[in-house]
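S.K.: In full-length UniProt numbering, the protein residues as written are 1 to 197. Note that CB positions come from ideal geometry on N, CA and C, so glycine has one too. These figures come from a predicted structure and were not determined experimentally.
#1: Just to confirm my understanding: we take residue 35, look at its own chain, exclude 5 residues before and 5 after, and list those with CB closer than 6 Å. What are they?
#2: On the premise that residue 114 lies in contact with residue 145, defined as a C-beta separation below 8 Å, what is that separation, rounded to the nearest angstrom?
#3: Select from 98, 87, 25, 184 the residue whose C-alpha is nearest the C-alpha of residue 79.
#4: For the putative contact between residue 29 and residue 72, defined by C-beta atoms under 8 Å, what is the C-beta separation to the nearest angstrom?
#5: Would you check if the distance between the CB atom of residue 172 and the CB atom of residue 186 is smaller than 8 Å?
#6: Rounded to the nearest angstrom, what separates residue 165 and residue 117 at their Cα positions?
#7: Residues bridged to residue 18 by DSSP?
#8: Checking 8 Å against the spacing of the C-beta atoms, do residue 143 and residue 163 come in under that value?
#9: Closest to residue 195 by CA distance: which of 2, 27, 140 is it?
#10: Determine the burial state of residue 106: buried for a count of at least 16 other Cβ atoms within 10 Å of its Cβ, exposed for fewer.
#11: Quick one: is residue 23 buried, meaning 16 or more other Cβ sit within 10 Å of its Cβ, or exposed?
#12: Helix, strand or coil for residue 142 per DSSP?
#13: Is residue 31 near residue 15, with beta carbons less than 8 Å apart?
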């Protein structure tokens with residue numbers, strides 16, 4: 001009710017796979033049923049790491065995310081987004097490992113983060129893509145750049161996410177940390193929402 005009363009009717013609900021102590025509670029089967037009963041889509045987020053470096057680390061995090069999604073019964077073809085926060089170390093090896101794990105599973109690789117041109121994440125993504133064009137073609141990006149500030153649905157900005165050229169950008173988190181309801185505000189590109197649950 002808080003979100004509907006203060007912001008508008010959500011169409012996409014981002015939820016975490018598994019618990020991260022002191023940070024977030026993981027999606028439950030009861031929440032899945034509630035979200036789906038409101039005809040909303042679920043965006044799956046994997047945030048149980050704080051180091052986004054190393055190929056094997058990327059593979060291991062991908063495999064953990066796949067296992068958690070399977071436990072919840074997430075359907076084949078659903079994207080899982082690695083949450084790479086701006087304070088995390090990141091390199092192209094992690095992105096390649098994440099991509100390899102997800103793309104060889106029933107799920108689809110996705111990455112969340114600040115993809116503005118001057119970030120380590122954008123540079124690491126571009127380096128990973130230069131070695132494997134499949135990463136650009138098959139990985140969905142959900143960017144938190146630029147930050148336009150929290151709004152209601154009615155006052156949302158025009159969809160203008162910032163991301164590497166040619167990337168498949170599914171969404172833009174344009175507002176962070178609303179005082180009401182403890183949410184972030186996002187816009188999504190409807191042509192890609194078929195990879196949401």
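M.R.: With the given structure in hand:
#1: On the chain shown, residue 35 is found 35 positions in, with the first residue counted as 1. The answer, listed in chain order, is 13, 42.
#2: Looking up residue 145 in the chain shown gives position 145. Looking up residue 114 in the chain shown gives position 114. Going by Cβ atoms, the distance from residue 145 to residue 114 rounds to 5 Å, so yes, they are a contact pair.
#3: For the purposes of this step, residue 79 is identified with residue 79 of the chain shown, where counting begins at 1. Nearest in C-alpha terms to residue 79, of all of 98, 87, 25, 184, is 98.
#4: The residue you call residue 29 lines up with position 29 of the chain shown. The residue you call residue 72 lines up with position 72 of the chain shown. Their Cβ separation, rounded to whole angstroms, is 7 Å, which keeps residue 29 and residue 72 in contact under 8 Å.
#5: As a working note, residue 172 is residue 172 in the chain shown. As a working note, residue 186 is residue 186 in the chain shown. Their beta carbons are under 8 Å apart, which means residue 172 touches residue 186 by this criterion.
#6: Taking the chain shown and counting its residues from 1, one reaches residue 165 at position 165. Taking the chain shown and counting its residues from 1, one reaches residue 117 at position 117. Approximately 10 Å, taken between the alpha carbons.
#7: Taking the first residue of the chain shown as position 1, residue 18 is located at position 18. DSSP output for residue 18 lists no bridge partner at all.
#8: Counted from its first residue, the chain shown places residue 143 at position 143. Counted from its first residue, the chain shown places residue 163 at position 163. Contact flag set, yes.
#9: Walking along the chain shown from the start, residue 195 turns up at place 195. The residue with the shortest Cα to Cα distance from residue 195 is 140.
#10: Here residue 106 refers to the residue found at position 106 when the chain shown is read from its first residue. It is exposed - the Cβ of residue 106 has fewer than 16 other Cβ atoms within 10 Å.
#11: Within the chain shown, numbered from 1, the residue matching residue 23 stands at position 23. The residue is exposed, with fewer than 16 neighbouring Cβ atoms inside 10 Å.
#12: Along the chain shown, read from residue 1 onward, the residue named residue 142 stands at position 142. Three-state result, residue 142: strand.
#13: Taking the chain shown and counting its residues from 1, the one referred to as residue 31 is at position 31. Taking the chain shown and counting its residues from 1, the one referred to as residue 15 is at position 15. Result yes, Cβ atoms of residue 31 and residue 15 sit closer than 8 Å.
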